[in-house]
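Structure record follows, encoded as structure tokens.
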Amino acid sequence: MDFTQFDSRKASEKPRALHLKHPGTGKLLYDEDDKTKPCRVLVLGIEGATGQTSILESQRARMKEDRSAGEPVTVESIHANLVKDFAPLVVGFENISRGNKAAKAPDDVEWFLNLQVVNGNRAQKSFVEQVRDFATDRAAILGNESAS
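Counting from 1, position 50 in the sequence shown corresponds to residue 60 in the numbering used here; the numbering is continuous, with no gaps.
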């Protein structure tokens, strides 16, 4: 068996398509309900150089924040950190518009990831949570179509 097929570090640098789900209902999203046009984002995996750099930069920024130990963290702050961590991993959009224009990476990535705020409901995942789950799903990044 050729074990290079399990090189998730290398595979993480190849964009994979995440078919988005409605953040309220969990149903797969399509452009104008046309089942031939899934609404997808192209995502890099967390294990590649891009993902590792993104996480490292976010951690360094958080270390510089002036926050006392034990001080509560707001949901907005948690969400903002997720956006910082995962925005660099979104490299494209398919069948997603911002108004009457097609969404483009990197220009529209933060707008897209900030359309909802994390709410703790596992059945109602925000777009940034969906991207996080996909980017950290080794099966999805290795190309297993049944993943995520």
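Ideal Cβ positions, reconstructed from N, Cα and C, are used throughout, including at glycine.
Buried or exposed for residue 66, please, with buried defined as at least 16 other CB atoms from any protein chain shown within 10 angstroms of its CB. exposed
Since residue 132 is in the alpha helix (DSSP H), which residue starts that stretch and which ends it? First-last for residue 132: undefined, no H or E at that position.
Contact between the segment 123-130 and the segment 91-102: three or more CB pairs below 8 Å? yes
State the Cα-Cα distance for the pair residue 112 and residue 70, rounded to the nearest angstrom. 33 Å
Does the Cβ of residue 135 have 16 or more other Cβ atoms within 10 Å, making it buried, or fewer, making it exposed? buried
Helix, strand or coil: which one does DSSP assign to residue 23? coil
Helix, strand or coil for residue 99? Go by DSSP, reduced to three states. helix
Count the C-beta pairs between the segment 136-148 and the segment 24-41 that are closer than 8 Å, then say yes if the count reaches three, no if not. yes
Under a three-way DSSP split, which group does residue 68 fall into? helix
Kindly indicate which three-state DSSP category residue 39 falls into: helix, strand or coil? coil
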